[in-house]
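If you read the protein sequences in the order shown, they are chains H and V.
Quick note: the first sequence, position 67, residue 67 per our numbering, numbers continuous.
Quick note: the second sequence, position 30, residue 30 per our numbering, numbers continuous.
Step one of this worksheet: look at the structure below.
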Amino acid sequence: MLPRAAWSLVLRKGGRGRRGMHSSEGTTRGGGKMSPYTNCYAQRYYPMPEEPFCTELNAEQQALKEKEKGSWTQLTHAEKVALYRLQFNETFAEMNRRSNEWKTVMGCVFFFIGFAALVIWWQRVYVFPPKPITLTDEWKAQQLQRMLDMKVNPVQGLASRWDYEKKQWKK
Amino acid sequence: IARQRHQKRTPDFHDKYSNAVLASGATFSIAVWTYVATQIGIEWNLSPDGRVTPKEWRDQ
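Below you can see the structure in the form of structure tokens.
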């Protein structure tokens, strides 16, 4: 939805030029792929475009537009709806509808986060240097014993968490 | 006389697949990160508190 809004902003700048092209070859297009509708839709922030949504009217639509020039109390409900649909692509309820796009976005976000883990895995295998001796389990266990012997941070830190009588970590 | 509605509320890509994309993306991400964080030898250098059993160092 957002890209389409941005796209329509881009088109709006060139809108008049495109419309000029359309109307000059309009009558020959007939049943071709291009529609008689503009590309520039009304949006919440652009609620009243200059051009109506449907620019090429068949005979009965033109008759309806003629009828619109008279008193609007003469129009039936269905005719009013038809006139609205000629003028606008979507109602506000339709253009403001929720969507499930966020799930797709978050799914892709998670996918790329997972892909980053694969990159780090590759780096661990091919880039990381060998682990220093000071980070091996044996060295760390001995380092811990030495720190406890020195009573490192005995008030609130490491040594305070060790029970020296029972020789185990405090629960 | 009323023109056909332009889009008949047919499900778009997100309506059809977004749940699957979200679930599979999250599962893949959690699984691969759990594996990478624990199984391939990355050193996180966590605190020894509660984890490491000290070993005598003076006998070397």
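Just so it is clear, CB atoms sit at the ideal spot from N, CA and C, and this is done for glycine as well.
Please read all numbers here as calculations on a predicted model, not as lab measurements.
Review point. Is the Cβ of residue 10 (chain V) closer than 8 Å to any Cβ of chain H?
Key: Translated into the one-based positions of the second sequence, residue 10 (chain V) becomes position 10. Taking Cβ atoms only, chain H never reaches closer than 8 Å to residue 10 (chain V), which makes this a no.
**Study point:** Rounded straight-line distance, which links the Cα of residue 14 (chain V) to that of residue 167 (chain H)
**Key:** As a first step, residue 167 (chain H) is located in the first sequence; it is residue number 167 there, counting from the start. As a first step, residue 14 (chain V) is located in the second sequence; it is residue number 14 there, counting from the start. Whole-angstrom Cα-Cα distance: 59 Å.
Point to revise | Identity of the residues DSSP links to residue 162 (chain H) by a beta bridge | key: As a working mapping, residue 162 (chain H) is identified with position 162 in the first sequence. DSSP, once it has assigned bridges, lists H:169 as partnering residue 162 (chain H).
Exercise for review: Could you tell me whether the Cβ of residue 111 (chain H) comes closer than 8 Å to any Cβ of chain V?
Suggested key: Within the first sequence, residue 111 (chain H) is the residue found at index 111, counting from 1. So yes, residue 111 (chain H) belongs to the interface.
Check your understanding: Interface residues of chain V around residue 44 (chain H) at Cβ under 8 Å?
Key -> In the first sequence, counting from the first residue as 1, residue 44 (chain H) sits at position 44. Within 8 Å Cβ-Cβ: nothing; residue 44 (chain H) doesn't reach chain V, min ~17 Å.
Review point. In the DSSP assignment, what residue or residues form a beta bridge with residue 54 (chain H)?
Key: For the purposes of this step, residue 54 (chain H) is taken as residue 54 along the first sequence, with counting starting at 1. In the DSSP output, where bridge partners are listed per residue, residue 54 (chain H) has H:37.
Point to revise | Sequence-distant residues of the same chain with beta carbon closer than 7 Å to residue 28 (chain V), five excluded per side | key: Translated into positions along the second sequence, residue 28 (chain V) becomes position 28. If we look at residue 28 (chain V) and ignore the five residues flanking it on each side, it has no Cβ neighbours.
Exercise for review: Identify whether residue 46 (chain H) lies in helix, strand or coil by the three-state DSSP scheme.
Suggested key: If you number the first sequence from 1, residue 46 (chain H) lands on position 46. Three-state result, residue 46 (chain H): strand.
Review point. Using 8 Å as the threshold, is the segment 43 to 55 of chain V in touch with the segment 135 to 149 of chain H, meaning 3 or more CB pairs across them?
Key: yes
Point to revise | C-beta neighbour in chain V for residue 169 (chain H), strict 8 Å | key: Position 169 of the first sequence, counting from 1, holds the residue named residue 169 (chain H). Closer than 8 Å to some Cβ of chain V, the Cβ of residue 169 (chain H) qualifies, so yes.
Review point. Is the beta carbon of residue 24 (chain V) less than 8 Å from the beta carbon of residue 100 (chain H)?
Key: In the second sequence, counting from the first residue as 1, residue 24 (chain V) sits at position 24. In the first sequence, counting from the first residue as 1, residue 100 (chain H) sits at position 100. Result no, Cβ atoms of residue 24 (chain V) and residue 100 (chain H) do not sit closer than 8 Å.
**Study point:** residue 103 (chain H) burial status per 10 Å Cβ neighbour count (16 or more: buried)
**Key:** Counted from its first residue, the first sequence places residue 103 (chain H) at position 103. With 16 or more other Cβ atoms within 10 Å, it is buried.
Review point. What did DSSP end up calling residue 105 (chain H) once you bin it into helix, strand or coil?
Key: Residue numbering aside, residue 105 (chain H) sits at position 105 when the first sequence is read from its first letter. In the structure shown, residue 105 (chain H) sits in a helix (DSSP, three-state: H, G or I).
Check your understanding: Can the beta-carbon of residue 64 (chain H) be found closer than 8 Å to that of residue 82 (chain H)?
Key -> Locating residue 64 (chain H) in the first sequence gives position 64, where the first residue counts as 1. Locating residue 82 (chain H) in the first sequence gives position 82, where the first residue counts as 1. Yes.
Review point. Is it a yes or a no for the segment 29 to 36 of chain V touching the segment 107 to 117 of chain H, going by three-plus beta-carbon pairs under 8 Å?
Key: yes
Exercise for review: Kindly list, in the order they appear in chain H, the residues whose Cβ is closer than 8 Å to that of residue 46 (chain V).
Suggested key: The count along the second sequence starts at 1 and reaches residue 46 (chain V) at position 46. The contacting residues do not exist; residue 46 (chain V) stays about 10 Å from chain H at best.
Point to revise | As assigned by DSSP and simplified to three states, the class of residue 123 (chain H) | key: Residue numbering aside, residue 123 (chain H) sits at position 123 when the first sequence is read from its first letter. Here residue 123 (chain H) sits in helix by DSSP.
Check your understanding: In chain order, which alpha helix (DSSP H) runs of at least 4 residues are fully inside the segment 59 to 111 of chain H?
Key -> 59 to 68, 77 to 87, 92 to 95
Check your understanding: Can you list the residues of chain V that residue 62 (chain H) reaches, using a CB-CB cut of under 9 Å?
Key -> Counting from one through the first sequence, the residue named residue 62 (chain H) turns up at place 62. Ordered by position in chain V, no residue passes the 9 Å Cβ test against residue 62 (chain H), which lies about 11 Å from the chain.
Practice item. For residue 68 (chain H), verify whether its CB is less than 7 Å away from any heavy atom of the ligand FAD. Key: With respect to the ligand FAD, the structure offers nothing, as it holds no ligand at all.
Check your understanding: Is it buried or exposed for residue 162 (chain H), if we count other Cβ within 10 angstroms and need 16 for buried?
Key -> Here residue 162 (chain H) corresponds to residue number 162 of the first sequence, with the count starting at 1. Buried is the call here.
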